[in-house]
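> Sharing a structure with you now.
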Amino acid sequence: MIHGVTPVLGVSDSKAAEEFYCGKLGFELQFAYRPFRDHDDPYHMGVKRDDAVMRVSSFSGDGVPKTGVIVWTDDVDSLHEEFVSKGVEIDTRPIDQVWGLREMHVRDADDNKLTFAQALQTE
Numbered sequence: 092m093i094h095g096v097t098p099v100l101g102v103s104d105s106k107a108a109e110e111f112y113c114g115k116l117g118f119e120l121q122f123a124y125r126p127f128r129d130h131d132d133p134y135h136m137g138v139k140r141d142d143a144v145m146r147v148s149s150f151s152g153d154g155v156p157k158t159g160v161i162v163w164t165d166d167v168d169s170l171h172e173e174f175v176s177k178g179v180e181i182d183t184r185p186i187d188q189v190w191g192l193r194e195m196h197v198r199d200a201d202d203n204k205l206t207f208a209q210a211l212q213t214e
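Following this line, the structure appears as structure tokens:
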């Protein structure tokens, strides 16, 4: 039985990534692994917000920069307001898509694309 999938996003600057995901997007740092005490990188962290879980890593081979993930939500518009108030640059404002989702796109400093999506009500 499969219980879920956890994406790993590759980043080049762990401090900037932690500030973006935890400080701006509101994810909670679950754990951080730094093998070298005197260096910020390489670095592997787990972040969580509500039921969404991701890993963010600057280890070579962990994740590939310019990856995309979909983060499911019940209210894209509320997240949009929250992110704008925190200075997050929005790549695509919330928009209803023909495939039945309302989506907003955000990119991190390494050009990873985060799609925040909610299902549209069908009649």
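My numbering puts the last residue of the sequence shown at 214; the count rises by one with no breaks.
Beta carbons: idealized from backbone N, C-alpha and C, even for Gly.
On a predicted model such as this, the values are computed, not experimentally measured, just so you know.
What are the boundary residues of the beta strand (DSSP E) that includes S148?
Sequence index remark: in the sequence shown, residue 148 carries index 57 (1-based). A143 to S148 is the span of the beta strand (DSSP E), which, as asked, contains S148.
> When the Cα atoms are used, what is the spatial distance from G95 to C113?
Within the sequence shown, the letter at position 4 stands for residue 95. Within the sequence shown, the letter at position 22 stands for residue 113. Looking at the two C-alpha atoms, the distance is approximately 22 Å.
> Please name the residue in L120, G178, T206 and H196 whose C-alpha comes closest to that of K106.
Within the sequence shown, numbered from 1, the residue matching residue 106 stands at position 15. If we check each option's Cα against that of K106, L120 comes out closest.
> May I ask you to report which of helix, strand or coil DSSP gives E180?
Within the sequence shown, the letter at position 89 stands for residue 180. E180 falls in the coil class under three-state DSSP.
> Got a sec? Which residues, its chain only, sit under 6 Å from P98 by beta carbon, not counting five neighbours each side?
Position 7 of the sequence shown holds residue 98. Cβ within range, chain order: M145 and V160.
> Around the Cβ of E109, are there at least 16 other Cβ atoms within 10 angstroms (buried) or fewer (exposed)?
Within the sequence shown, the letter at position 18 stands for residue 109. Classification of E109: buried, given that the 10 Å Cβ count is 16 or more.
> Answer yes or no: does any C-beta atom of chain D fall closer than 9 Å to that of Q121?
Looking for chain D here will not work: only one protein chain is present.
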